[in-house]
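Novice: Anchor point for the sequence shown: position 135 equals 135 in the UniProt record's numbering, and the numbering is continuous, going up by one each time. Where is the CB? At the ideal position from N, CA and C, for every residue including glycine. Pasting in a structure now, in structure tokens, and then I'll have a few things to ask.
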Amino acid sequence: MKLRKLTLLVGAMMLFVLNIINAKNIKVGEKTKGEKNFEKIMKKFDLEATIHTTKGDINVFLYPEAAPVNVANFVFLAKKGFYDGLTFHRVIPNGIVQGGDPKGDGTGSAGYNVDDEFVDWLNFNNSGMLAMANSGENTNGSQFFISLQGMPSLNGKHTVIGSLKTGSDLAIAKVIRQGDKILSIDIKGKKVDDFLSYFSVETADWESKMQNN
Numbered sequence: 001m002k003l004r005k006l007t008l009l010v011g012a013m014m015l016f017v018l019n020i021i022n023a024k025n026i027k028v029g030e031k032t033k034g035e036k037n038f039e040k041i042m043k044k045f046d047l048e049a050t051i052h053t054t055k056g057d058i059n060v061f062l063y064p065e066a067a068p069v070n071v072a073n074f075v076f077l078a079k080k081g082f083y084d085g086l087t088f089h090r091v092i093p094n095g096i097v098q099g100g101d102p103k104g105d106g107t108g109s110a111g112y113n114v115d116d117e118f119v120d121w122l123n124f125n126n127s128g129m130l131a132m133a134n135s136g137e138n139t140n141g142s143q144f145f146i147s148l149q150g151m152p153s154l155n156g157k158h159t160v161i162g163s164l165k166t167g168s169d170l171a172i173a174k175v176i177r178q179g180d181k182i183l184s185i186d187i188k189g190k191k192v193d194d195f196l197s198y199f200s201v202e203t204a205d206w207e208s209k210m211q212n213n
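Following this line, the structure appears as structure tokens:
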């Protein structure tokens with residue numbers, strides 16, 4: 001009887017030790033193979049956007065490998081012409097320029113929300129970031145803004161979906177004033193329609209909520 005108890009105790013201790021070893025080998029936040037493959041697929045689309053405004057064109061690199069659902073939302077709305085004719089309703093000189101509100105007063109949306117997506121390597125430490133405006137955690141919609149300077153205080157608060165391509169694009173953003181318009185937004189890349197096919201469930205949901213809004 002004592003031998004059996006001793007055997008069970010030793011077995012339990014060995015299992016405890018193995019669990020500790022396995023826990024040390026698994027890094028917190030480490031991505032699975034599937035997640036890494038998905039990132040590679042997203043990156044290969046080489047997505048870009050050109051925001052045509054009344055002050056000139058602003059060219060942007062998009063990063064679906066960092067914020068896939070939020071980039072898909074932006075691409076979806078742009079391709080539907082949702083942004084065409086909307087104003088930049090909020091401008092903070094040397095701060096941000098914000099647009100994408102169908103009401104033009106900061107309260108409008110496309111009728112649905114998208115959750116936040118954050119990665120360490122994409123942040124507001126530099127100027128010229130394209131990000132989603134929100135009214136709190138996981139409330140991204142149609143409104144977006146461009147940062148005109150480094151604003152690290154926004155890190156972890158707003159999902160970054162892109163960055164301006166050149167200093168010339170930043171110069172255009174800096175001369176935008178409240179009331180200036182977004183004429184249209186063109187999306188470029190490799191097989192853009194195939195990109196959105198990865199988000200067919202989301203786009204169907206967004207389409208339905210837009211129609212009911």
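In chain order, what residues of the same chain lie with their CB nearer than 7 Å to the CB of residue 116, ignoring the 5 residues before and after it?
Specialist: These residues qualify, in order along the chain: 137, 138, 140 and 159.
Novice: Strictly by DSSP, which residues pair up with residue 181?
Specialist: Answer is 87.
Novice: Just to confirm my understanding: we take residue 178, look at its own chain, exclude 5 residues before and 5 after, and list those with CB closer than 8 Å. What are they?
Specialist: Taken in chain order, the residues that qualify are 87, 88, 89, 90 and 91.
Novice: Quick check on the DSSP output: the alpha helix (DSSP H) that includes residue 200 runs from which residue to which?
Specialist: Where residue 200 is concerned, the enclosing alpha helix (DSSP H) stretches over 200-212.
Novice: Alpha carbon to alpha carbon, how far is residue 157 from residue 23? Give it in angstroms, no decimals.
Specialist: With a pLDDT of 40 at residue 23, under the threshold of 50, the modelled position of that residue is not reliable, and the figure given next carries that caveat. The alpha-carbon atoms of residue 23 and residue 157 are separated by roughly 30 Å.
Novice: So the beta strand (DSSP E) residue 62 belongs to, where does it begin and stop?
Specialist: 56-62 is the span of the beta strand (DSSP E), which, as asked, contains residue 62.
Novice: Can the beta-carbon of residue 58 be found closer than 8 Å to that of residue 169?
Specialist: Against a cut-off of 8 Å, the Cβ pair of residue 169 and residue 58 comes out as a contact.
Novice: Do residue 189 and residue 77 have their C-beta atoms closer together than 8 Å?
Specialist: Not a contact, by the Cβ cut-off of 8 Å.
Novice: Mind checking which residues open and close the beta strand (DSSP E) that includes residue 122?
Specialist: Neither: residue 122 is in no beta strand (DSSP E) and is coded neither H nor E.
Novice: With a 10 Å radius around its C-beta and 16 neighbouring C-beta atoms as the bar for buried, classify residue 206 as buried or exposed.
Specialist: It counts as buried.
Novice: Tell me, which residues are paired with residue 52 by DSSP?
Specialist: Beta-bridge pairing links residue 52 to 57 and 184.
Novice: So, for residue 216: in the same chain, excluding its five sequence neighbours on each side, which residues have a beta-carbon less than 6 Å away from its beta-carbon?
Specialist: The structure shown does not extend to residue 216, since the chain is modelled only from 1 through 213, so no value can be given for it.
Novice: Helix, strand or coil, according to DSSP, for residue 131 in the structure here?
Specialist: Here residue 131 sits in strand by DSSP.
Novice: What span of residues does the alpha helix (DSSP H) with residue 97 cover, start to end?
Specialist: No alpha helix (DSSP H) contains residue 97, which is instead part of the beta strand (DSSP E) from 96-99.
Novice: Work out the CA separation of residue 145 and residue 165 for me, nearest whole Å.
Specialist: Using only the alpha carbons, I get a separation of about 15 Å.
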